[in-house]
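As structure tokens, the structure follows; a few thoughts come after it.
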Amino acid sequence: MKKAKLSTLLAFILIISAFAYGCGGNDSEKSSGDEKSSAQELRVLMSSEIPTMDSVMATDATSFTMLNNVNEGLYGLDQDNNIVPAVADGEPEVNAEGTEFTVKLKEDAVWSNGDPVTAQDFVYAWQRAIDPETASTYGPYMMGGKIAGAEEITEAAAAGKAYDLNMLGVEAVDDKTLVVKTSAVMTVDFFKGLMAFGTFLPQNEEFVEEQGEDYATSAETLLSNGPFKMSSWGGSTATEWTVEKNEKYYDADSVSLTKITFNVAKDSQAAVNAFESGEVDITSKLSSDIVPQYEGDERLVSWLDPRLSWLKINQDNEYLANENIRRAIATAFNKDDLVADVLNNGSVAANYVVPADFVKDENGKDFRDANGDLLTFDAEKAKEYWQQGLKELGVTEITLSLLGSDTEEAKKVDQYLKSQLETNLEGLTIEISDVPFAIRIDREISQEYDIVNSGWAPDYLDPISFSDLWVTDGENNNMSYSDPAYDELIAKAEQTTDTAEKWSYLQEAEKIVLEEDAAVAPIFQQSYNILVADYVDGFTHHSVGTEYSYKYITINK
């Protein structure tokens, strides 16, 4: 079995001098041939459709993966997960206070239509992302507390006051010079890592405005500045799409692939059948029943991801507003049996909302060491919480909906959770609604659910990438959870530059959201497994932001 490399990601270090490690890596060894094949075409299976190709609207891994393969921002991840210049022409210049960064852009960076990539393209895209009228989720989330003016714009709009998008701390000094002002002190490494995230991609203003409401709804209404360009895509419900090499890309000479064909495969056995019959070169993520069949097979690529799965509990529901009911649900299912018998793919039970083996301090101590396991499975305790909650509500039976995705693995997990919850909590009925990924995301954002099988993958390597999800009215809260004590701790963590102090605040906050409030029900930390043909060299996986980069791949048959 190939293991994706563990790489030290030097970027994404916040104000502190902590060291952070994330899993990711590449498969660059030749396996079945020493010469490049004349046909540099790759066939890939994906686990879900693409919800959006508008970078300011993206919130999910599939969208960000595709966006980061057809576009580039100021900086990006290389094959070994180092942060390297992309559209940026080298390192940024930073002022003495660490609050203003000047970035020069590559002279030869152009869009797929031949237009030069300019500093104004970044200004326009970022202003779109923060503009309340755009209704972006990630714009305020990724910029708030980081880019100067972002929070002021969001707060003014929320209060019904006038706002000026020029308040945002980004300025085009000239076509190839961008100045970014931050709302907090940042190291150069953290700034570059932040800029590698998909929300900070540029957009061609003239093209976007010309497309209007049709922008990013099809291949024809997209423009690219990355190694590939979308050649066919029918929108968010499309189950097949293709990208082709972008010959106008400044580094086109280093890109071997000329075409990549993507198909959605939610059934692992179908994916494996297609792989073994030679119809595809890289599978979608495999379900647990498939993985053991490939133990020891060099084509199996596996990695433990910092991605967490959990149940978000909507407190707008009168029953779920009751703490004992939430606590009962969170402790009523056996996570160890779930990962061993249902998943059986290397995933581990999670009793936390900040993953293990995600970030370490300068002494190599894992963030998880302090809190360990919180809110663990205990069927007997769960029954007690349940009965107390029913008594407080004055009811004997409750029916709740469980929203999930329609992938094979997600369906199995949802069925397991339904069985465990209904067995251990007498009087509870769970009605499952498994829908396509894009629909699940929409319903989660609009809080059209009672309980949703959701999760999170970090945007940058810092525990606050998880911790700030649960602040009151946070962009990704979406479950009406609010605790002033929690909010205060997160605010303190964001204001300190001391590693130990910051972690102490975040660890205390984690105890509040789980032990005191039972606001979330952690399920497992994800391990992923896919099959990669032995003639595919340079397969690259990342642990933050985009999941895969295809520009490094070469076909050797």
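Per mature numbering (1 follows the signal peptide of the UniProt record, and there is no 0), the sequence shown runs over residues -20 to -1, 1 to 537.
From the three backbone atoms N, C-alpha and C, an ideal C-beta is built for every residue, glycine too.
- Here P31 really is in contact with F417; their C-beta atoms are around 7 Å apart, less than 8 Å.
- Exclusion of the five residues before and after Y195 leaves V188 and T201 as the residues of its chain whose Cβ lies within less than 6 Å of its Cβ.
- Taking all protein chains shown into account, S116 has 16 or more neighbouring C-beta atoms within 10 Å of its C-beta and is therefore buried.
- Taking all protein chains shown into account, G435 has 16 or more neighbouring C-beta atoms within 10 Å of its C-beta and is therefore buried.
- Counting every other CB atom within 10 Å of its CB across the protein chains shown gives V451 a total of 16 or more, marking it as buried.
- The straight-line gap separating the alpha-carbon atoms of V67 and F313 is approximately 48 Å.
- When the five nearest sequence neighbours on each side are left out, the beta carbons in the same chain lying within less than 7 Å of the beta carbon of G70 are those of K84, in order along the chain.
- For S28 and L469, the gap between their C-alpha atoms comes out near 36 Å.
- Inter-residue distance for S204 and L494 is about 43 Å (C-alpha atoms, whole angstroms).
- In terms of Cβ geometry, V24 and F208 do not form a close pair [threshold 8 Å].
- L22 and Y530 do touch by the CB rule: their CB atoms are close to 7 Å apart, below 8 Å.
- Taking the Cα positions, I262 is about 16 Å away from T219.
- Comparing alpha carbon positions, the residue from K126, Q107 and G214 closest to Y143 is Q107.
- Under the 8 Å Cβ criterion, the region 268 to 286 does not count as touching the region 368 to 375, having fewer than three qualifying pairs.
- The continuous alpha helix (DSSP H) containing F102 extends over residues A99 to I110.
- In this structure, P443 sits away from V516, with a CB-CB distance that is not shorter than 8 Å.
- Residues S268 of the same chain have their beta carbon placed closer than 6 Å to that of N324, with the five preceding and five following residues left out of the count.
- Closest in alpha carbon position to S523, among Y440, D497 and L397, is Y440.
- Under the 8 Å Cβ criterion, the region 457 to 469 counts as touching the region 418 to 432, having at least three qualifying pairs.
- A Cβ-Cβ distance of about 6 Å is found for the pair S92 and K228, placing them in contact under the 8 Å criterion.
- Taking all protein chains in view, the Cβ of T42 is crowded by 16 or more other Cβ atoms within 10 Å, so the residue is classified as buried.
- Of the candidates A138, N75 and G129, N75 places its Cα closest to the Cα of M166.
- Secondary structure note for K86: it is in no alpha helix (DSSP H), with a DSSP letter that is neither H nor E.
- For W283, the pairing in a beta bridge is given by DSSP as Y508.
- One thing to note: D386 has its Cβ within 8 Å of the Cβ of K246.
- Burial check for N304: the Cβ neighbour count within 10 Å reaches 16 or more, so the residue is buried.
- For E490, the uninterrupted alpha helix (DSSP H) run begins and ends at T479 to K491, by DSSP.
- Straight-line measurement puts the Cα of A109 at about 24 Å from the Cα of G94.
- DSSP places V415 in the uninterrupted beta strand (DSSP E) bounded by L408 to V415.
- Burial check for S264: the Cβ neighbour count within 10 Å reaches 16 or more, so the residue is buried.
- From the listed residues N48, E186, N351 and A308, the smallest Cα separation to N331 is found for N351.
- In this structure I270 touches Q249 by the C-beta definition: roughly 7 Å separates them, less than 8 Å.
- With a beta-carbon spacing of about 6 Å, V322 and V393 fall inside the 8 Å limit used to define contacts.
- Taking C-beta atoms as the reference points, A105 and S35 count as a pair closer than 8 Å.
- The residue from S257, G125, F177 and P120 with its alpha-carbon nearest to that of A513 is S257.
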